[in-house]
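Read left to right, the sequence shown gives residues 23 to 207 (our numbering). Yeah, the Cβ is synthetic: ideal placement off N, Cα and C, and Gly gets one too. Below: the structure, in structure tokens.
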Amino acid sequence: MPEENDRNVVDHGAYGTQHLPPLRSCISDEVAPMDRFPYYFSGRVVAGFGRGGKQLGCPTANLDERAIARLPSDFPCGVFYGLAQVDGGKLYGMVMSVGWNPHFKNEKKTIEVHILHSFPEDFYGSNLRAVALGYLRSMTAFDSLDNLKEAIKNDISVAQSHLSSFKIEDFEHTDHFNVDGVVTS
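Rendered as structure tokens:
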């Protein structure tokens with residue numbers, strides 16, 4: 023069973039034990055080091071750029087600036103897979119991007135989580151807790167919006183394949199996910 027104090031834990035604004043590599047570029051072919059996972063984090067869901075569901079067909083829960091500020095300065099940008107929970111609810115698979123979204127030339131770093139579950143309504147203001155379990159790819163600009171959409175579909179497919187090797191129950195009883203959905207700052 024994973025223990026959140028084993029590696030790279032960020033929660034409540036404090037860092038746990040970390041094995042941090044040298045600073046690396048957000049647009050890179052390098053992969054994130056495996057000793058960084060599992061990586062626990064949390065934040066409040068805020069409105070994003072409005073592209074996820076509308077433009078890309080992939081709704082995302084965008085985390086607040088405090089969640090971004092709590093990331094180690096050299097946390098690699100890229101696309102990751104893992105598990106997420108909204109307001110202390112059920113744990114679901116997720117795919118997330120961390121970075122500046124070079125395709126859209128963002129000037130603001132974001133954490134955007136796509137939960138692999140359909141929710142009946144938006145949950146802005148909710149508390150999201152998650153664990154990144156692995157790295158999928160680096161951030162990159164695409165030749166077209168269609169190519170980006172295809173990459174996102176592939177990310178989801180690969181994430182689902184990787185997630186099938188994890189037991190959700192091994193994570194749902196960790197202290198990180200067992201706090202009734204409360205995020206403290």
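| query | result |
| --- | --- |
| Count the CB pairs spanning the segment 56-71 and the segment 85-92 that are closer than 8 Å, and state whether there are at least three. | yes |
| Does the segment 96-104 come into contact with the segment 114-133, if we say contact requires no fewer than three beta-carbon pairs (one atom in each stretch) closer than 8 Å? | yes |
| Only counting the same chain, and skipping five residues up and downstream in sequence, which positions put a Cβ closer than 7 Å to that of K131? | I90, G121, W122 |
| Whose C-beta lies closer than 7 Å to the C-beta of F193 among residues of the same chain, with five residues either side of it excluded? | P24, L105, L113, V153, F199 |
| Excluding sequence positions up to five away, which residues of its chain have a Cβ less than 6 Å from the Cβ of P44? | The pLDDT assigned to P44 is 30, lower than 50, so where the model puts this residue is not dependable; a value taken from the coordinates is nonetheless given after this. So no residue of the chain qualifies. |
| So, L155 versus L185, is the Cβ gap smaller than 9 Å? | yes |
| May I ask which residues mark the beginning and end of the alpha helix (DSSP H) holding N169? | 167-185 |
| Go ahead and pull the three-state DSSP assignment for I90. | helix |
| For N169, does the count of other Cβ atoms within 10 angstroms reach 16, so buried, or fall short, so exposed? | exposed |
| Who are the Cβ neighbours of D51 in its own chain at under 8 Å, not counting the five residues just before and after it? | Its pLDDT being 42, under 50, D51 is placed unreliably in this model, and the value from its coordinates should be taken loosely. Excluding residues within five positions, the ones whose Cβ falls inside 8 Å are S160. |
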